[in-house]
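Here's the structure, in structure tokens; my notes come after.
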Ligand SMILES: [Zn+2]
């Protein structure tokens, strides 16, 4: 019974992990055409900047602007000032650009602190992410850079794993597989016991002898453990 539960757990994790990664990669390579829901702008007091987020099912995009306290939005006539209130911490899966930008600049990579953008994919939680930013060249021009955005045989694979999201998705998406394994093996072993064969290896067993002569499975031991 314990061995069956452990195997069901392994099936749950393997199926859930595979499904979580497949769904996230599929979401990164498709466009649903759904109109994104805009959240923000918010001022993140811990990261000293403004962030706003676009949401569509299975995907999130966050723009973070370091050292900004106000932003302007395109509007007919003249740009409109948008007040970033209320204060709210950036989503947990995002990079802390308030630390990353100064670190990159200290190492000689000058990036535009107002153009960092992150994209995350996954369902029900986001679990894989990549980032885009603009890097300033010596001549003052900017070139677009991506981080953790891998391309494998034409398939975009976001390479930064957000572990809490991956754990959530693995647990949720693997549940049907784990439950199906548990129920399936229980039905098979009950049917074998009913047929008078060993529930593990199908060897015909004598009802008087509880230990299978073929594989050593101890039915009495399992019964007592089940009863306990
Ligand atoms: Zn057996």
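Residue numbers (the working numbering): 192 to 419. Idealized CB from N, CA, C, for every residue including glycine.
Test item: CB-CB of residue 325 and residue 340 under 8 Å | no
Where residue 327 and residue 299 are concerned, what is the direct C-alpha to C-alpha distance, given to the nearest angstrom?
-> 10 Å
Any non-hydrogen atom of ligand 1 within 7 Å of residue 405 CB = yes
Chain-order list of residues whose beta-carbon lies under 7 Å from that of residue 246 (same chain, five-residue window excluded) | 227, 228 and 230
What three-state label does DSSP hand residue 340 in the structure shown?
-> strand
Counting pairs of Cβ atoms below 8 Å between the region 381-389 and the region 254-269, do you hit three or more?
-> no
Leaving out five residues before and five after residue 225 in sequence, what residues of the same chain have Cβ atoms less than 7 Å from its Cβ?
-> 247 and 248
Give the straight-line distance between the Cα atoms of residue 240 and residue 309, rounded to the nearest whole angstrom.
-> 15 Å
Sorted by chain position, which residues of the same chain lie with C-beta nearer than 8 Å to residue 133's C-beta, five sequence neighbours on each side aside?
-> Lying outside 192 to 419, the shown extent of the chain, residue 133 is not represented and no answer is given.
Can we count residue 391 as close to ligand 1, meaning its CB is less than 7 Å from some heavy atom?
-> yes
Local conformation of residue 317 per DSSP, three classes = coil
Could I get the ranges of all uninterrupted alpha helix (DSSP H) runs contained in the region 358-392, with 4 residues as the minimum, in chain order?
-> none
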